[in-house]
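Visitor: Take this structure, written in structure tokens, and hold onto it; I'll ask about it next.
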Amino acid sequence: MSNANLLSIKSLSVSFGGLKALSNVNLELNENEVVGLIGPNGAGKTTFFNALSGLTEVQSGTLSINGKSHKWPKPHQLIDLGISRTLQGVGLFPELTVLENVMIGDNKSSKSGLISGALGLSLKDEKKLRQRALTALERVYASGIADQRADSLPYPVTKRVAIARALVSEPKILLLDEPAGGLGAQDIEWMNSLIHNLATQCSVILVEHHMDVVMSVCDRLYVLNFGEVISSGDVENVRRDPAVVEAYLGVNN
Ligand SMILES: Nc1ncnc2c1ncn2[C@@H]1O[C@H](COP(=O)(O)OP(=O)(O)OP(=O)(O)O)[C@@H](O)[C@H]1O
Ligand SMILES: [Mg+2]
């Protein structure tokens, strides 16, 4: 099993009523790899993350991690599987501090999750969690703002804090949903190097519309269109694939 993919998803299908949001999607992710999941609006990218994180019902498909089969997880099982995600929006609690928002990312110790879990920890566990949250903030270069309220932060900084919240559980598989969405050119550059750095410690599936980010940080790509993978492989080949140019890149270029 030593050469098994870190994550292997086969024939994943998700339907919403009559709409096939995902049809027989296959995706593999290796250690320390950044894989891009791209495609036009409504292609099914967030649905893929929702399926993998237990937020949407899976119609069919298999999931294995390090060669071991797993049932599709419920949200509270994600941390134990080594999976963590950011949301397509930012989703911070505005009235909490940055550090508290990051600590909430580790809700393993609570059944009800979120704040009650963080507050219900023993003093010793809370100290450990606080330390991990500070480490996560360092990884996104935001340790200096730990005590600021989330609603006092500029938008680009909230995007970094949202990533720190996903890192606090020390995931092996990190799902990033449009981390560069809404950022200006300079912050996008910055996000590029952050994602590069993250990949030294975990594997990343990146959903992103900014093609410069995708081209700069991804090792391989999967392109979704109307819920189907229409192309996959290394970045240059996918970029030149006529099906991709027509379905996706063409509309931007
Ligand atoms: N909970 C839901 N109920 C019904 N339809 C849904 C639901 N979630 C998503 N859809 C539909 O499934 C399709 C895929 O949506 P999804 O949000 O996964 O797209 P996306 O690729 O993330 O798009 P974007 O780039 O705009 O974020 C769309 O047609 C969407 O309207
Ligand atoms: Mg989406």
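Quick note: the sequence shown, position 105, residue 105 per the UniProt record's numbering, numbers continuous. In this text, a Cβ means the ideal position worked out from N, Cα and C, and glycines have one as well.
So Ser-15 is in the beta strand (DSSP E); what residue range does that whole segment cover?
Guide: On the sequence shown, position 15 is the one that residue 15 refers to. 7-16 is the extent of the beta strand (DSSP E) around Ser-15.
Visitor: Less than 7 angstroms separating the Cβ of Asn-41 from some heavy atom of ligand 1?
Guide: One-based indexing of the sequence shown puts residue 41 at position 41. Asn-41: yes, Cβ under 7 angstroms from ligand 1.
Visitor: Out of curiosity, what's the CA-to-CA distance linking Val-244 and Gly-61?
Guide: To locate residue 244, count along the sequence shown from 1; it is residue 244. To locate residue 61, count along the sequence shown from 1; it is residue 61. If I take the Cα positions, the gap works out to 25 angstroms.
Visitor: Quick check: the stretch 20-30 against the stretch 182-201, are there 3 or more CB pairs under 8 angstroms?
Guide: The stretch 182-201 and the stretch 20-30 do not touch, with fewer than three beta-carbon pairs separated by less than 8 angstroms.
Visitor: Contact defined as beta carbons within less than 8 angstroms: I believe Ile-65 pairs with Leu-12. What is the distance between those atoms, to the nearest angstrom?
Guide: For this step, residue 65 is matched to residue 65 along the sequence shown. For this step, residue 12 is matched to residue 12 along the sequence shown. 14 angstroms between Cβ atoms; not a contact.
Visitor: According to DSSP, is Asn-101 helix, strand or coil?
Guide: Here residue 101 corresponds to residue number 101 of the sequence shown, with the count starting at 1. The answer is helix: DSSP assigns Asn-101 an H, G or I state.
Visitor: Give me the DSSP bridge partner(s) of Glu-28.
Guide: The count along the sequence shown starts at 1 and reaches residue 28 at position 28. DSSP output for Glu-28 lists Ser-8 as bridge partner(s).
Visitor: Which whole-angstrom value is the C-beta distance of Glu-95 and Asp-147, which I expect to be below 8 angstroms?
Guide: The count along the sequence shown starts at 1 and reaches residue 95 at position 95. The count along the sequence shown starts at 1 and reaches residue 147 at position 147. With 8 angstroms as the limit, Glu-95 and Asp-147 do not qualify as a contact, their Cβ atoms being about 14 angstroms apart.
Visitor: In chain order, what residues place their C-beta within less than 7 angstroms of a heavy atom belonging to ligand 2?
Guide: Lys-45, Thr-46, Gln-88, Asp-177, Glu-178 and Val-207
Visitor: Roughly how many whole angstroms lie between the Cα atoms of Ile-38 and Gln-131?
Guide: Along the sequence shown, one-based indexing puts residue 38 at 38. Along the sequence shown, one-based indexing puts residue 131 at 131. Spanning the two alpha carbons is a distance of roughly 35 angstroms.
Visitor: Counting only the same chain and skipping the five closest in sequence on each side, list residues whose C-beta sits under 7 angstroms from that of Asn-50.
Guide: Numbered from 1 along the sequence shown, position 50 holds the residue referred to as residue 50. Excluding sequence neighbours, Asn-50 sits near Thr-56.
Visitor: At what residue ranges does the stretch 38-84 contain a whole run of the beta strand (DSSP E), taking only runs of 3 or more?
Guide: For the stretch 38-84, whole beta strand (DSSP E) runs of length 3 or above, ordered along the chain, are 60-65 and 68-70.
Visitor: Looking at Leu-222: is its Cβ nearer than 8 angstroms to the Cβ of Leu-63?
Guide: Here residue 222 refers to the residue found at position 222 of the sequence shown. Here residue 63 refers to the residue found at position 63 of the sequence shown. Looking at the sequence shown, residue 222 is not Leu but Tyr. In this structure, Leu-63 does not lie closer than 8 angstroms to Tyr-222 by Cβ.
Visitor: Please report the straight-line C-alpha distance between Val-17 and Gln-59, rounded to a whole angstrom.
Guide: Your numbering for residue 17 matches position 17 in the sequence shown. Your numbering for residue 59 matches position 59 in the sequence shown. Residue identity differs from the one stated: residue 17 is Gly in this sequence, not Val. Looking at the two C-alpha atoms, the distance is approximately 11 angstroms.
Visitor: Looking at Val-235: is its Cβ nearer than 8 angstroms to the Cβ of Met-211?
Guide: Taking the first residue of the sequence shown as 1, we reach residue 235 at position 235. Taking the first residue of the sequence shown as 1, we reach residue 211 at position 211. Not closer than 8 angstroms, so no.
Visitor: What do you reckon, are the CB atoms on Ala-136 and Val-157 nearer than 8 angstroms?
Guide: Residue 136 sits at position 136 when you count from the first residue of the sequence shown. Residue 157 sits at position 157 when you count from the first residue of the sequence shown. No. Outside cutoff.
Visitor: Contact check, Ser-84 vs Leu-174 under 8 angstroms by CB: the rounded distance?
Guide: Locating residue 84 in the sequence shown gives position 84, counting from the first residue. Locating residue 174 in the sequence shown gives position 174, counting from the first residue. Rounded, the Cβ-Cβ distance is 6 angstroms, consistent with contact.
Visitor: Which value, in whole angstroms, describes the spacing of the CA atoms of Glu-228 and Val-238?
Guide: Counted from its first residue, the sequence shown places residue 228 at position 228. Counted from its first residue, the sequence shown places residue 238 at position 238. If you take the alpha carbons of Glu-228 and Val-238, they lie about 15 angstroms apart.
Visitor: With respect to 7 angstroms, is the separation between the Cβ of Ala-51 and the closest non-hydrogen atom of ligand 1 below this value?
Guide: What you label residue 51 is simply residue 51 of the sequence shown in a count that begins at 1. In this structure, the C-beta of Ala-51 stays at least 7 angstroms away from each heavy atom of ligand 1.
Visitor: For Thr-200, count the other beta carbons within 10 Å of its own beta carbon; 16 or more makes it buried, fewer makes it exposed. Which is it?
Guide: By one-based count along the sequence shown, residue 200 stands at place 200. Burial state of Thr-200 is exposed, judged by a 10 Å Cβ sphere holding fewer than 16 other Cβ atoms.
Visitor: Output yes or no for whether 8 angstroms exceeds the beta carbon distance between Asn-192 and Val-213.
Guide: The residue given as residue 192 occupies position 192 in the sequence shown. The residue given as residue 213 occupies position 213 in the sequence shown. Yes. Within cutoff.
Visitor: Between Ala-21 and ligand 1, is the CB less than 7 angstroms from at least one heavy atom?
Guide: Sequence index remark: in the sequence shown, residue 21 carries index 21 (1-based). Correct: Ala-21 has its Cβ closer than 7 angstroms to ligand 1.
Visitor: Considering only their Cβ atoms, is the gap separating Gly-233 from His-209 smaller than 8 angstroms?
Guide: Translated into positions along the sequence shown, residue 209 becomes position 209. Translated into positions along the sequence shown, residue 233 becomes position 233. Against a cut-off of 8 angstroms, the Cβ pair of Gly-233 and His-209 comes out as no contact.
Visitor: Can you find the residues in the same chain that come closer than 7 angstroms, C-beta to C-beta, to Leu-183, ignoring five residues on each side of it along the sequence?
Guide: Your numbering for residue 183 matches position 183 in the sequence shown. Taken in chain order, the residues that qualify are Pro-156, Lys-159 and Met-191.
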